[in-house]
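In what follows, a structure is listed as structure tokens, so that the remarks can point back to it.
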Amino acid sequence: MMTGDPTAHLPAVLFMGAALLAAFSGTPLLVRVVTPTVGQRLAAIAMTVAAAGGIAGAVLTLLQRQQVTYKLAWPFPFGPAECGIDPLTAFFALPILIVAACCSIYALDYWPAGTNPRTVRKLTFFFGLLVSAMLFVTMARSAGLFLLAWEIMALAAYFVLTTDDHTPEVRDAGTLYLICTHTGTLALFALFALLNSISGSFTFPVAASLTATAPLATALFLLALFGFGFKAGLMPLHIWLPSAHANAPSHVSAIMSGIILKIGIYGLVRTLSFFTGIPLWWGLVVIVLGMVSGVVGVLFALGQHDLKRLLAYHSIENIGIITMGIGTALIGTATGSPTLMLLGMAGALLHVLNHATFKALLFLGAGSVIHAVATREIDRMGGLLRIMPWTAASFIIGAVAICGLPPLNGFVSEFLIYLGFFNGTVAGSGAGAIGTALATPALALIGGLAVACFVKVVGIVFLGTPRAPLPGSVHEATWTMRLPMAVLAIVCLTIGVAPVAVAPLLESAVTAWLPSSPRSVSLASVAPLNWISVLAVALIIITFCLVLWYRGLVKKATVASAGTWGCGYLDPSSRMQYSASSFADMLVSLFAGILRPERHAPHITGSFPADPHFESHVPETVLERIYLPLLARIYEKFLPIRRLQHGHLHLYILYTFITLVVLIVVSLP
Numbered sequence: 028m029m030t031g032d033p034t035a036h037l038p039a040v041l042f043m044g045a046a047l048l049a050a051f052s053g054t055p056l057l058v059r060v061v062t063p064t065v066g067q068r069l070a071a072i073a074m075t076v077a078a079a080g081g082i083a084g085a086v087l088t089l090l091q092r093q094q095v096t097y098k099l100a101w102p103f104p105f106g107p108a109e110c111g112i113d114p115l116t117a118f119f120a121l122p123i124l125i126v127a128a129c130c131s132i133y134a135l136d137y138w139p140a141g142t143n144p145r146t147v148r149k150l151t152f153f154f155g156l157l158v159s160a161m162l163f164v165t166m167a168r169s170a171g172l173f174l175l176a177w178e179i180m181a182l183a184a185y186f187v188l189t190t191d192d193h194t195p196e197v198r199d200a201g202t203l204y205l206i207c208t209h210t211g212t213l214a215l216f217a218l219f220a221l222l223n224s225i226s227g228s229f230t231f232p233v234a235a236s237l238t239a240t241a242p243l244a245t246a247l248f249l250l251a252l253f254g255f256g257f258k259a260g261l262m263p264l265h266i267w268l269p270s271a272h273a274n275a276p277s278h279v280s281a282i283m284s285g286i287i288l289k290i291g292i293y294g295l296v297r298t299l300s301f302f303t304g305i306p307l308w309w310g311l312v313v314i315v316l317g318m319v320s321g322v323v324g325v326l327f328a329l330g331q332h333d334l335k336r337l338l339a340y341h342s343i344e345n346i347g348i349i350t351m352g353i354g355t356a357l358i359g360t361a362t363g364s365p366t367l368m369l370l371g372m373a374g375a376l377l378h379v380l381n382h383a384t385f386k387a388l389l390f391l392g393a394g395s396v397i398h399a400v401a402t403r404e405i406d407r408m409g410g411l412l413r414i415m416p417w418t419a420a421s422f423i424i425g426a427v428a429i430c431g432l433p434p435l436n437g438f439v440s441e442f443l444i445y446l447g448f449f450n451g452t453v454a455g456s457g458a459g460a461i462g463t464a465l466a467t468p469a470l471a472l473i474g475g476l477a478v479a480c481f482v483k484v485v486g487i488v489f490l491g492t493p494r495a496p497l498p499g500s501v502h503e504a505t506w507t508m509r510l511p512m513a514v515l516a517i518v519c520l521t522i523g524v525a526p527v528a529v530a531p532l533l534e535s536a537v538t539a540w541l542p543s544s545p546r547s548v549s550l551a552s553v554a555p556l557n558w559i560s561v562l563a564v565a566l567i568i569i570t571f572c573l574v575l576w577y578r579g580l581v582k583k584a585t586v587a588s589a590g591t592w593g594c595g596y597l598d599p600s601s602r603m604q605y606s607a608s609s610f611a612d613m614l615v616s617l618f619a620g621i622l623r624p625e626r627h628a629p630h631i632t633g634s635f636p637a638d639p640h641f642e643s644h645v646p647e648t649v650l651e652r653i654y655l656p657l658l659a660r661i662y663e664k665f666l667p668i669r670r671l672q673h674g675h676l677h678l679y680i681l682y683t684f685i686t687l688v689v690l691i692v693v694s695l696p
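Taking the numbering used here, the leading residue of the sequence shown gets 28, the next gets one more, and so forth.
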């Protein structure tokens with residue numbers, strides 16, 4: 028049964044058709060009616076067609092600002108299944124579909140079926156199922172359908188993450204991910220149970236239909252923050268994220284970092300939309316968590332030597348930025364400031380889209396580098412700009428975008444969040460003004476540290492000379508790997524140059540989140556989007572002219588070949604270049620109280636010491652020094668209870684019988 032405006036039916040059909048086509052995109056490889064190579068290409072074509080149709084449906088839904096709902100009677104618990112498409116769903120679907128299509132094409136040469144016959148079927152099938160499940164999560168309007176799609180998404184992500192399951196590190200990362208995702212799911216079961224007790228149904232309430240002053244509203248907020256925060260990688264619930272993103276295939280890392288984390292953000296945003304009369308402290312809690320995630324995430328990224336692990340920590344940083352925007356919107360809602368609410372939520376939603384594109388671009392660029400040099404260690408790279416100019420250019424575009432620099436998209440979304448902070452500080456009062464005032468320097472610190480981190484990455488990976496012997500087969504990525512990176516780079520540039528084009532889409536999604544927001548306040552009226560475009564175009568023209576001028580000077584100059592100055596050394600080597608550790612040493616030392624770096628310095632004795640060796644490492648402090656010791660302590664305390672599990676079947680039957688008797692007695696009137 029369909030409810031809603033009939034004119035919204037076509038976009039909904041396109042959207043749901045995309046979800047179903049994505050789910051079955053990998054079936055040609057399973058039925059084995061074609062060769063694995065042909066099956067992989069068919070899967071990529073199906074995913075691309077699904078993305079095109081889904082994007083068309085999502086854009087139409089956003090422009091028409093309409094919603095449609097489908098109800099299906101099913102025999103499972105949690106009432107009837109209900110799904111729907113509204114502007115908020117459509118906006119979150121855009122990055123899912125864009126990144127999924129790019130990653131599917133990228134996999135053709137990054138993970139070719141011809142050289143990976145053991146894993147390509149599993150990877151391709153579960154990749155399509157993962158994309159479909161994420162789309163159905165955004166469409167779900169009832170607890171049963173939401174949890175079903177959520178669990179399919181979690182299991183599909185586990186299988187694509189553990190593609191290289193013969194490697195112990197991959198298996199450990201998959202196990203940690205599975206534990207964390209199901210811990211968050213337990214909170215969601217409690218969330219929907221409480222929601223049913225408040226609304227009287229497992230169907231999601233309409234926006235702004237519940238009061239935040241209800242007795243269980245605070246419990247719902249905290250459960251949503253915990254359950255969805257685990258999926259989003261919000262600190263200190265991020266412990267699964269670095270190892271999962273580092274050990275997955277690079278195009279899987281792109282979709283995990285760019286998209287799966289945003290499904291957690293979607294769940295939080297959708298849950299918050301149910302409430303009206305949101306208290307100020309909700310916004311303050313969210314904005315503080317965002318500041319902690321942003322600052323600490325980028326600090327941990329600075330200390331990493333593994334290229335993909337470094338990018339994973341930057342995902343935690345950007346989730347923090349998104350969360351800061353959501354907190355700003357909640358403060359605006361609590362204080363009755365529509366401008367603050369619009370700037371905060373529009374900035375957060377735009378950063379969802381922006382982070383998905385530039386982080387996917389960075390992971391695909393990192394995958395091309397790792398595919399060429401066969402290592403993830405930054406200190407073993409160097410000089411790759413000459414060998415891989417297209418990959419280097421794409422990676423640098425992603426690096427500029429993630430640092431929030433113009434003229435790319437990261438600048439626009441962070442600028443909107445900055446405007447929200449300024450508005451909340453100047454026009455607000457009390458705790459709300461203090462929260463936004465503290466968030467402003469925090470976001471500035473995040474941006475500065477991100478610039479330092481990516482100067483390190485680009486300089487060490489692409490500039491200088493190789494720090495270790497490179498494989499003889501180092502080469503530029505193939506066109507099927509470069510094309511997705513080019514598409515994502517174009518998206519980053521387009522949003523950065525023409526943010527006014529996405530303003531109607533953002534306003535539509537914000538209105539779906541808070542229908543009571545005044546229509547008189549538009550994004551163009553509170554943010555100078557046209558001036559951003561003018562300045563972005565001017566910056567591009569100036570940069571282009573400077574490049575042409577410099578090239579002209581180089582052509583006219585007399586070029587001579589000579590050795591560089593060796594700083595007094597007769598035979599300088601590539602080992603004298605900056606390493607990842609030495610570049611970031613000052614900043615890592617400055618924040619050593621948070622990062623807890625480990626240094627293993629050589630112990631030199633005698634007149635003729637052996638070859639010295641120095642090693643430094645920044646551990647996953649939260650996991651290794653908080654969670655694991657705490658779990659070990661709990662295990663030790665509960666060890667006597669394990670004596671109940673001794674392998675005797677008749678005693679297990681006795682336990683079951685005693686439990687049933689107790690339940691019967693308790694249920695008696």
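Think of the CB as a built atom: it goes at the ideal place given N, C-alpha and C, for glycine as much as any other residue.
Please read all numbers here as calculations on a predicted model, not as lab measurements.
Cβ-based burial, residue i [other Cβ within 10 Å; buried from 16]
i	result
Val564	exposed
Arg59	exposed
Phe216	exposed
Lys582	exposed
Arg148	buried
Phe248	buried
Ala619	exposed
Ser270	buried
Thr116	buried
Phe635	exposed
Simplified DSSP assignment, three categories, for residue i
i	result
Cys110	strand
Glu651	helix
Arg626	strand
Ser601	helix
Val60	coil
Leu432	coil
Phe219	helix
Val564	helix
His36	helix
Met28	At Met28, the pLDDT of 49 sits below 50, so the modelled position is not reliable and the matter cannot be decided from this model.
Residue i versus residue j - alpha carbon distance
i	j	result
Ile353	Val197	33 Å
Gly310	Asp406	41 Å
Thr538	Thr683	52 Å
Ile487	Leu614	17 Å
Ala460	Thr585	60 Å
Gly84	Pro63	31 Å
Phe154	Ser364	42 Å
Ala100	Ala108	6 Å
Thr88	Pro555	26 Å
Met283	Gly227	35 Å
Cys207	Asp199	12 Å
Arg92	Pro646	47 Å
Met28	Met166	Note that Met28 has pLDDT 49, beneath the 50 cutoff, so the model's placement of it is unreliable and no number is given.
Gly291	Phe255	5 Å
Thr366	Ala454	10 Å
Arg623	Leu671	40 Å
Thr142	Leu205	28 Å
Same chain, Cβ closer than 7 Å to residue i, neighbours up to 5 away in sequence not counted
i	result
Phe438	Gly431, Leu432 and Gly523
Ala73	Leu48 and Ser52
Neighbourhood of residue i by C-beta, 6 Å cutoff - its chain only, sequence neighbours within 5 removed
i	result
Met368	Ala356, Gly359 and Thr360
Val319	Met262
His341	Ala328
Ser77	Residue 77 is actually Ala in this sequence, not Ser. Taken in chain order, the residues that qualify are Ala45, Leu48 and Ala49.
Supposed close pair residue i, residue j - CB separation, criterion 8 Å
i	j	result
Gly330	Gly347	Contact doesn't hold; Cβ gap of about 17 Å is too wide.
Leu135	Thr507	5 Å
Ala235	Pro542	6 Å
Asn345	Lys386	7 Å
Leu408	Arg494	Reading off the sequence shown, one finds Met at residue 408, where the question assumed Leu. 7 Å between Cβ atoms; contact.
Val379	Lys289	5 Å
Ala273	Lys335	4 Å
Cβ of residue i within 8 Å of any chain B Cβ
i	result
Arg148	The structure shown contains no chain B; it holds only a single protein chain.
Any non-hydrogen atom of the ligand FMN closer than 7 Å to residue i Cβ
i	result
Phe449	This structure simply doesn't include the ligand FMN, nor any ligand for that matter.
8 Å CB neighbourhood of residue i in its chain, flanking five on each side removed
i	result
Leu37	Gly84 and Leu87
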